[in-house]
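Reviewing the structure listed below.
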Amino acid sequence: MTFDPERVETVAFDSFSTLVDTESSREVLEPHTDAPLEVARKWRERALFYSLTANELETYETYYEMHRRGLEYASELYGLGLSEAEIEELNEVYYDLEPFEDVLPTFETLDAAGYDLYIISNGEHEILDAMIDTLGVEHLLSGTVSADDIKLFKPARELYELAAERAGTPIDRMIHVSAGVFDAQGAQNAGMQGVWINRKGLPQDSFGDEPKLVIDSLDGLLEALGEN
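Heads up: the sequence shown runs through residues 0 to 227, numbered per numbering that gives the first Met the number 0.
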């Protein structure tokens, strides 16, 4: 499948792991474990697992709560012995994760080129607002769409359709950029062009359609759009 830059009017981005580094949560774990990165990855992995099963089980909770439960699981798995109060305190790092360095310049370039910019996220608006403030991109965004708006997580097609509706853009003239290949596939299934940002050089899953474009940084997106 071939990426078509001529069809792109609106560029949407995922949030966590795409714009901010979820592995930066390891810093708050350092006083509690000798393997903070390993625990941080399990924390995030478990939260994603919960979100991916929530739609079918009809057990929606906010993304913040999914991560709190993920940390609860990781604490049990690695024997950290964290109290409920400590789990709640540590989970607040998701309001202040470290941005990737290529985000702000990419947003500035795309805005100057005339693209409308959106964020489509599993995160509720409260946590999204904090992330946007950290990124410093509020003045560049046309809007945000949250799973909390419809109580369905990605890759439910309704979330991408809602984004197209709010953007006022035909869905086939939107792209969605995500570090989660399932998210890029979900956007593509809904009619967008899916872009997988593979920052870690992971192998491509053989399950499902390939995203229209695979990049290793947001510089690759600018290049594909002819804006580098």
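Beta carbons: idealized from backbone N, C-alpha and C, even for Gly.
(request) Please say whether Y77 and M65 have beta carbons closer to each other than 7 Å? (result) Position 66 of the sequence shown, counting from 1, holds the residue named residue 65. Position 78 of the sequence shown, counting from 1, holds the residue named residue 77. Result no, Cβ atoms of M65 and Y77 do not sit closer than 7 Å.
(request) Determine, using beta carbons only, whether Q187 comes closer than 7 Å to chain B. (result) In summary, chain B is missing from the structure at hand, where a single protein chain is found.
(request) Kindly confirm or deny that the stretch 96 to 106 and the stretch 16 to 26 touch, where touching means at least three C-beta pairs closer than 8 Å. (result) yes
(message) My output table needs one value for D101: the three-state DSSP class, helix, strand or coil.
(response) Position 102 of the sequence shown, counted from the first residue, corresponds to residue 101. Here D101 sits in coil by DSSP.
(request) Rounded to whole angstroms, what's the CA-CA distance from I119 to Y62? Just pull it up for me. (result) For the purposes of this step, residue 119 is taken as the residue at position 120 of the sequence shown. For the purposes of this step, residue 62 is taken as the residue at position 63 of the sequence shown. Straight-line Cα distance between these residues: approximately 13 Å.
(message) On the DSSP bridge list, what partners appear for A11?
(response) As a first step, residue 11 is located in the sequence shown; it is residue number 12 there, counting from the start. Bridge partners of A11: Y117, H175.
(message) Beta-carbon within less than 7 Å of L70's beta-carbon, same chain only, minus the 5 sequence neighbours each way: which residues are those?
(response) Reading the sequence shown from its first residue, position 71 is the one you call residue 70. W42, I86, L89, N90.
(message) Could you tell me the alpha carbon to alpha carbon distance between G219 and Y59, rounded to whole angstroms?
(response) Position 220 of the sequence shown, counted from the start, is the residue given in the question as residue 219. Position 60 of the sequence shown, counted from the start, is the residue given in the question as residue 59. Those two C-alpha atoms are separated by around 35 Å.
(message) Below 8 Å, how does it come out for the stretch 128 to 147 and the stretch 176 to 191: are there three or more Cβ pairs, yes or no?
(response) no
(request) Can you give me the start and stop residues for the beta strand (DSSP E) that S24 sits inside? (result) Working through the sequence shown from its first residue, we reach residue 24 at position 25. It is not in any beta strand (DSSP E) - S24 carries neither H nor E in the DSSP assignment.
(request) With a threshold of 16 other CB atoms inside 10 Å of the CB of R25, please say whether the residue is buried or exposed. (result) Translated into the one-based positions of the sequence shown, residue 25 becomes position 26. Per the 10 Å Cβ criterion, buried.
(request) Look at the Cβ atom of M227, then the Cβ atom of V213, and state whether they are nearer than 7 Å. (result) If you number the sequence shown from 1, residue 227 lands on position 228. If you number the sequence shown from 1, residue 213 lands on position 214. Correcting the residue identity first, residue 227 is Asn in this sequence and not Met. In this structure, V213 does not lie closer than 7 Å to N227 by Cβ.
(request) Just mark A112 as buried or exposed, buried being the case when its beta carbon has 16 or more other beta carbons within 10 Å. (result) As a first step, residue 112 must be located in the sequence shown, where it is residue number 113. That one is exposed.
(message) Considering just the uninterrupted stretch of the beta strand (DSSP E) at S145, what are its terminal residues?
(response) Your numbering for residue 145 matches position 146 in the sequence shown. 142 to 145 is the span of the beta strand (DSSP E), which, as asked, contains S145.
(message) Please report the distance separating the alpha-carbon of V194 from that of D3.
(response) By 1-based counting over the sequence shown, the position of residue 194 is 195. By 1-based counting over the sequence shown, the position of residue 3 is 4. One C-alpha to the other measures close to 11 Å.
(request) Could you say which of M191, Y117, L140, R6 lies nearest to E304 if we only look at CA atoms? (result) Residue 304 is absent from the structure shown; the chain starts at 0 and stops at 227.
(request) Kindly provide the ranges of any alpha helix (DSSP H) runs that are 4 or more residues long and lie completely inside the stretch 30 to 117, ordered along the chain. (result) 35 to 56, 62 to 76, 83 to 90, 102 to 111
(message) Using only CA atoms, which one of H31, G167, Q184 lies nearest to R156?
(response) Mapped onto the sequence shown, residue 156 falls at position 157. Comparing Cα positions, the closest option is Q184.
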